[in-house]
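Participant: Pasting a structure below so you can have a look.
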Amino acid sequence: MKELKKLNKYFVKYKYSFILGIIITIASQIFSVFTPTFVGDIISALYDFYKSTVSAESVRELIIKNVLLILGTTLIAGFFTFLMRQTLIVMSRHIEFDLKNEIYKQYQNLSQSFYKKNKTGDLMSRISEDVGKVRQYVGPAVMYSVNTAIRMTVVIIQMYITSPELTFYALLPVPILAYVMMRLSKEINNRSFQYQQNLSRLSSFSQEIFSGVRVIKAYALENEKDKEYEKITTESKNIFMRLASANAMIGPLMVLIIGVSNLLVIYIGAKLFINGTITEIGIIAQFILYINMLTWPIASLGWVSTMIQEADSSQKRINEFLDEKPEIVNNNSEETPIKGKIEFKNVAFIYEDTNIQALKNVSFTLEKGKTLAILGKTGSGKSTVLNLIARLYDSTSGEIFIDDVNIKKLNLNNLRNETAMVPQDAFLFSDSIKNNIKFGNENATDEEVIHFAKMADVHKNIEKFEKKHDTVLGERGLTLSGGQKQRVSIARALIKNPNILLLDDCLSAVDTETEETILNNLEKLTKDKTTIIVTHRVSSAKNADMIIILEDGEIIEQGSHSELINQNGYYKDLYSKQLSEKDIA
1 MKELKKLNKY
11 FVKYKYSFIL
21 GIIITIASQI
31 FSVFTPTFVG
41 DIISALYDFY
51 KSTVSAESVR
61 ELIIKNVLLI
71 LGTTLIAGFF
81 TFLMRQTLIV
91 MSRHIEFDLK
101 NEIYKQYQNL
111 SQSFYKKNKT
121 GDLMSRISED
131 VGKVRQYVGP
141 AVMYSVNTAI
151 RMTVVIIQMY
161 ITSPELTFYA
171 LLPVPILAYV
181 MMRLSKEINN
191 RSFQYQQNLS
201 RLSSFSQEIF
211 SGVRVIKAYA
221 LENEKDKEYE
231 KITTESKNIF
241 MRLASANAMI
251 GPLMVLIIGV
261 SNLLVIYIGA
271 KLFINGTITE
281 IGIIAQFILY
291 INMLTWPIAS
301 LGWVSTMIQE
311 ADSSQKRINE
321 FLDEKPEIVN
331 NNSEETPIKG
341 KIEFKNVAFI
351 YEDTNIQALK
361 NVSFTLEKGK
371 TLAILGKTGS
381 GKSTVLNLIA
391 RLYDSTSGEI
401 FIDDVNIKKL
411 NLNNLRNETA
421 MVPQDAFLFS
431 DSIKNNIKFG
441 NENATDEEVI
451 HFAKMADVHK
461 NIEKFEKKHD
471 TVLGERGLTL
481 SGGQKQRVSI
491 ARALIKNPNI
501 LLLDDCLSAV
511 DTETEETILN
521 NLEKLTKDKT
531 TIIVTHRVSS
541 AKNADMIIIL
551 EDGEIIEQGS
561 HSELINQNGY
571 YKDLYSKQLS
581 EKDIA
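575 is the number that the UniProt record's numbering gives to position 575 of the sequence shown; each next residue is one higher, with no gaps.
See below:
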């Protein structure tokens with residue numbers, strides 16, 4: 001139950017609904033408890049009539065009166081029960097809404113390294129399946145717990161007032177039930193936690209398969225993946241069956257306990273009536289109804305206990321992520337305008353998950369409005385430089401300055417609002433092409449969308465689609481080719497009109513002619529913007545104001561195209577090689 005303490009803040013937030021629900025529940029149970037008394041009076045009157053101690057007329061009047069009272073109190077109790085559900089269940093939906101938003105906000109705040117360590121399917125499972133289990137606790141479990149506690153209190157008090165001795169025997173089996181339920185609850189909790197973990201694993205596997213279905217089909221791995229899926233689902237089924245077997249024991253136990261209570265009431269009640277301890281035979285019927293009134297509350301103890309244990313297991317999984325501290329935090333709530341000057345001073349960076357040192361003592365200065373090109377072999381640290389500028393990571397050592405201010409002291413929202421990054425692996429949403437481009441600026445007009453699509457040299461491709469810019473893309477932009485996705489991503493970045501533009505090898509999937517067109521357009525659009533281009537092509541880098549060559553995370557060459565071409569180094573070799581390849585082509 002300690003994991004569920006995190007939810008107390010929501011009960012405080014909705015305290016008026018919770019208190020009102022309790023008051024309504026008390027009213028409902030007070031009206032419910034009258035029914036057994038009225039029924040007992042009717043049976044006692046019929047017995048007295050059988051013994052000829054009362055007249056038929058008086059019995060008839062009492063039956064009519066009590067039947068009307070039963071109908072009236074039942075209707076009122078039912079109405080209050082309806083209000084109870086409307087109050088407490090609706091409250092639980094509000095808490096579910098708030099909890100999902102809290103988890104989603106936490107997901108948004110967590111750093112890149114978090115997403116490297118956790119699978120998408122697991123994240124989805126916690127915000128859907130686990131929150132659903134928790135909702136069962138804050139809604140039905142709380143409602144039935146309150147209802148059970150109040151009903152048992154009201155009924156037991158009424159039973160004790162009627163006959164203390166018969167009350168003792170009627171409730172004698174209850175402690176046995178409580179002990180068995182405690183043992184069962186512990187087992188259900190363990191099995192529920194195992195099931196939720198396996199469910200996350202199943203979700204992650206399924207999500208990965210659906211995302212990579214083209215690769216699976218290309219390599220004809222359908223049968224192998226079917227076997228893996230069957231293995232996971234079989235394990236899931238076995239865990240769930242063990243959980244179901246524990247839950248299945250609850251119902252029979254309830255029937256057994258209630259049955260024993262009824263037998264005790266009939267047997268002991270009959271002896272007490274014969275001995276004259278109780279004077280009305282209707283009290284026996286009254287107690288049987290009391291026991292039956294307690295049947296559902298007692299039976300719900302097992303159900304509620306199961307819901308609480310499952311919710312506790314789910315909340316534990318949710319808390320694991322809610323307690324996760326983001327590595328990148330906004331250290332400045334004040335506005336910090338971003339102009340675009342960038343400076344690295346002895347920057348080093350090590351990826352925590354792999355312990356790979358991506359950068360070593362990197363230093364350079366890029367003035368506002370200038371263009372920097374970064375070249376180097378795969379794994380040399382090029383993309384890491386861009387990630388550090390966008391502050392997706394913080395440097396392990398050294399300092400990064402934007403406009404002569406340490407990047408950690410800048411308002412993070414301002415920094416990212418003025419930075420646009422185009423990754424090599426372009427990600428597009430399952431939405432229209434127009435909305436994907438407007439993702440960079442939601443207030444952009446259709447004319448601006450078309451303009452920047454032209455600047456990215458993708459407009460002519462879009463026009464060939466039947467619905468043009470309103471064409472809805474498949475998941476991750478599958479409708480488009482690799483080069484088209486990259487160019488839509490470039491249009492999305494340009495429409496944002498940022499002061500810092502980061503291009504991470506985003507022209508790798510286009511031909512040289514298209515590349516030349518885009519670079520010429522970029523040169524016009526980025527005159528006043530600080531631009532960094534990560535590339536493997538000299539053609540993309542040659543017009544930059546400064547070029548950096550990285551190798552194993554260190555700068556081995558630095559200068560302009562004309563300066564580097566006159567040195568016998570990596571850049572000159574790369575230029576010569578690509579020039580000869582172009583000539584051959």
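Each residue gets a CB set at the ideal place from its N, CA and C atoms; glycine is no exception.
None of the values given here were measured: they were computed from a predicted structure.
1. Give the straight-line distance between the Cα atoms of Glu3 and Arg126, rounded to the nearest whole angstrom.
2. If the criterion is Cβ atoms closer than 7 Å, does the pair Val33 and Gln158 meet it?
3. Using C-beta distances below 7 Å, list every residue in its chain close to Pro326, excluding the 5 sequence neighbours before and after it, in chain order.
4. Who are the Cβ neighbours of Phe439 in its own chain at under 6 Å, not counting the five residues just before and after it?
5. Going straight from the alpha carbon of Glu230 to that of Gln194, what length do you get?
6. Leaving out five residues before and five after Leu202 in sequence, what residues of the same chain have Cβ atoms less than 6 Å from its Cβ?
7. What does the alpha-carbon distance come out to for the pair Gly132 and Arg85?
8. With a floor of 3 residues, list each beta strand (DSSP E) that falls wholly inside the region 374–412, ordered by position along the chain.
9. Bridge partners of Gln558, per DSSP?
10. Ile374 and Lys382 look like a contact to me (Cβ under 8 Å); what is the Cβ gap, rounded to whole Å?
11. Write down the C-beta distance between Ser432 and Thr471 rounded to the nearest angstrom, noting that I regard them as a contact closer than 8 Å.
12. Per DSSP, which residues does Lys345 bridge with? Please list them.
13. For Tyr575, tell me which candidate among Ser540, Ile556, Glu554 has the shortest Cα-Cα distance.
14. Once you ignore the five residues that flank Ala420 on each side, which residues in its own chain have a CB closer than 6 Å to its CB?
15. Can you tell me where the beta strand (DSSP E) with Asn66 in it begins and where it stops?
16. Count the other CB atoms within 10 Å of the CB of Arg151; is the residue buried (16 or more) or exposed (fewer)?
17. Distance check for Tyr104 and Val149, CA to CA, integer angstroms please.
18. Which residue wins for smallest C-alpha separation from Val154, given the options Leu264, Thr277, Met293?
19. Can you tell me the Cα-Cα spacing of Leu522 and Met455, whole angstroms?
20. Leaving out the 5 sequence neighbours to the left and right, which residues in its chain are closer than 7 Å to Thr87 when beta-carbon positions are compared?
21. Put Val362 into one of helix, strand or coil per three-state DSSP.
22. Are the beta-carbon atoms belonging to Val12 and Ala141 less than 7 Å from one another?
23. Count the other CB atoms within 10 Å of the CB of Glu222; is the residue buried (16 or more) or exposed (fewer)?
24. So, are the CB atoms of Ile518 and Asp573 less than 7 Å apart?
25. Buried or exposed for Asp404, please, with buried defined as at least 16 other CB atoms from any protein chain shown within 10 angstroms of its CB.
26. Considering only residues of the same chain and omitting the five flanking positions on each side of Ile209, which have a CB-CB separation below 8 Å?
27. Ile505: buried (16+ other C-beta within 10 angstroms of its C-beta) or exposed?
28. So what's Thr279 in DSSP terms, helix, strand or just coil?
29. In angstroms with no decimal places, state the Cα-to-Cα distance between Ile342 and Tyr570.
30. Which residue wins for smallest C-alpha separation from Leu256, given the options Thr277, Ala220, Ile176?
31. Which residue's Cα is closest to the Cα of Val90: Tyr14, Leu62, Arg191, Thr53?
32. Going straight from the alpha carbon of Val39 to that of Ser58, what length do you get?
33. Check each candidate in Val488, Pro423, Leu392, Ile437 and name the one with the smallest Cα separation from Phe114.
34. Sorted by chain position, which residues of the same chain lie with C-beta nearer than 7 Å to Ser300's C-beta, five sequence neighbours on each side aside?
35. Which residues in the same chain as Asn346 place their Cβ atom closer than 8 Å to its Cβ, once the five residues preceding and following it in sequence are excluded?
36. Could you compute how far the alpha carbon of Leu428 sits from the alpha carbon of Leu386?
Facilitator: Judging by the given coordinates:
1. The residue given as residue 3 occupies position 3 in the sequence shown. The residue given as residue 126 occupies position 126 in the sequence shown. In a straight line, the C-alpha of Glu3 is about 15 Å away from that of Arg126.
2. One-based indexing of the sequence shown puts residue 33 at position 33. One-based indexing of the sequence shown puts residue 158 at position 158. Their beta carbons are under 7 Å apart, which means Val33 touches Gln158 by this criterion.
3. For this step, residue 326 is matched to residue 326 along the sequence shown. These residues qualify, in order along the chain: Asn109, Leu110, Ser111.
4. Locating residue 439 in the sequence shown gives position 439, where the first residue counts as 1. Correct list, in chain order: Arg492.
5. Start at 1 with the first residue of the sequence shown, and residue 230 comes out as number 230. Start at 1 with the first residue of the sequence shown, and residue 194 comes out as number 194. So the two alpha carbons sit approximately 18 Å from each other.
6. Taking the first residue of the sequence shown as 1, we reach residue 202 at position 202. Ile232, Ser236, listed in sequence order.
7. As a working note, residue 132 is residue 132 in the sequence shown. As a working note, residue 85 is residue 85 in the sequence shown. Spanning the two alpha carbons is a distance of roughly 18 Å.
8. 397–402
9. Within the sequence shown, the letter at position 558 stands for residue 558. Per DSSP, Ile548.
10. The residue labelled residue 374 in the question sits at position 374 within the sequence shown. The residue labelled residue 382 in the question sits at position 382 within the sequence shown. Indeed, because the Cβ distance is near 5 Å, the residues count as touching under 8 Å.
11. The count along the sequence shown starts at 1 and reaches residue 432 at position 432. The count along the sequence shown starts at 1 and reaches residue 471 at position 471. Indeed they touch by this definition, with Cβ atoms about 6 Å apart.
12. Within the sequence shown, the letter at position 345 stands for residue 345. Glu399, per the DSSP bridge assignment.
13. Translated into positions along the sequence shown, residue 575 becomes position 575. The candidate whose alpha carbon is nearest that of Tyr575 is Ser540.
14. For the purposes of this step, residue 420 is identified with residue 420 of the sequence shown, where counting begins at 1. Excluding positions up to five away in sequence, the list reads Ala493, Lys496, Pro498, Leu501.
15. As a position in the sequence shown, residue 66 is number 66, starting the count at 1. Run containing Asn66: none in the beta strand (DSSP E); it sits in the alpha helix (DSSP H), 56–109.
16. On the sequence shown, residue 151 is found 151 positions in, with the first residue counted as 1. Buried, since its Cβ has 16 or more Cβ neighbours within 10 Å.
17. The residue labelled residue 149 in the question sits at position 149 within the sequence shown. The residue labelled residue 104 in the question sits at position 104 within the sequence shown. The sequence shown places Ala at residue 149, rather than the Val named in the question. So the alpha carbons of these two residues sit roughly 35 Å apart.
18. Indexing the sequence shown from 1 puts residue 154 at position 154. Checked all of Leu264, Thr277, Met293; the closest Cα to Val154 is Met293.
19. Within the sequence shown, residue 522 is the residue found at index 522, counting from 1. Within the sequence shown, residue 455 is the residue found at index 455, counting from 1. Approximately 7 Å between the Cα atoms of the pair.
20. In the sequence shown, counting from the first residue as 1, residue 87 sits at position 87. Contacts found: Ser17, Leu20, Gly21, Ile24.
21. Residue numbering aside, residue 362 sits at position 362 when the sequence shown is read from its first letter. Val362: strand per DSSP, three-state reduction.
22. Along the sequence shown, read from residue 1 onward, the residue named residue 12 stands at position 12. Along the sequence shown, read from residue 1 onward, the residue named residue 141 stands at position 141. In this structure, Ala141 does not lie closer than 7 Å to Val12 by Cβ.
23. As a first step, residue 222 is located in the sequence shown; it is residue number 222 there, counting from the start. Glu222 comes out exposed.
24. Walking along the sequence shown from the start, residue 518 turns up at place 518. Walking along the sequence shown from the start, residue 573 turns up at place 573. Cβ atoms of Ile518 and Asp573: not closer than 7 Å.
25. Here residue 404 corresponds to residue number 404 of the sequence shown, with the count starting at 1. Asp404 should be labelled exposed.
26. For the purposes of this step, residue 209 is identified with residue 209 of the sequence shown, where counting begins at 1. If we look at Ile209 and ignore the five residues flanking it on each side, its Cβ neighbours are Ile216, Lys225, Tyr229.
27. Within the sequence shown, numbered from 1, the residue matching residue 505 stands at position 505. At residue 505 the sequence reads Asp, which differs from the Ile that was named. It counts as buried.
28. If you number the sequence shown from 1, residue 279 lands on position 279. In the structure shown, Thr279 sits in coil (DSSP, three-state: anything other than H, G, I, E or B).
29. Position 342 of the sequence shown holds residue 342. Position 570 of the sequence shown holds residue 570. When rounded, the distance between both Cα atoms is 25 Å.
30. By one-based count along the sequence shown, residue 256 stands at place 256. Among Thr277, Ala220, Ile176, the Cα nearest to that of Leu256 is on Ile176.
31. Locating residue 90 in the sequence shown gives position 90, counting from the first residue. That would be Tyr14, whose Cα lies nearest to the Cα of Val90.
32. On the sequence shown, position 39 is the one that residue 39 refers to. On the sequence shown, position 58 is the one that residue 58 refers to. Cα to Cα, Val39 sits roughly 16 Å from Ser58.
33. Start at 1 with the first residue of the sequence shown, and residue 114 comes out as number 114. Measuring from the Cα of Phe114, the nearest candidate turns out to be Leu392.
34. Within the sequence shown, the letter at position 300 stands for residue 300. Closer than 7 Å at Cβ, skipping near neighbours: Tyr144, Thr148.
35. The residue you call residue 346 lines up with position 346 of the sequence shown. Cβ within range, chain order: Asn361, Val362, Ser363, Ser397, Gly398, Glu399.
36. Here residue 428 refers to the residue found at position 428 when the sequence shown is read from its first residue. Here residue 386 refers to the residue found at position 386 when the sequence shown is read from its first residue. Their Cα atoms are separated by approximately 20 Å.
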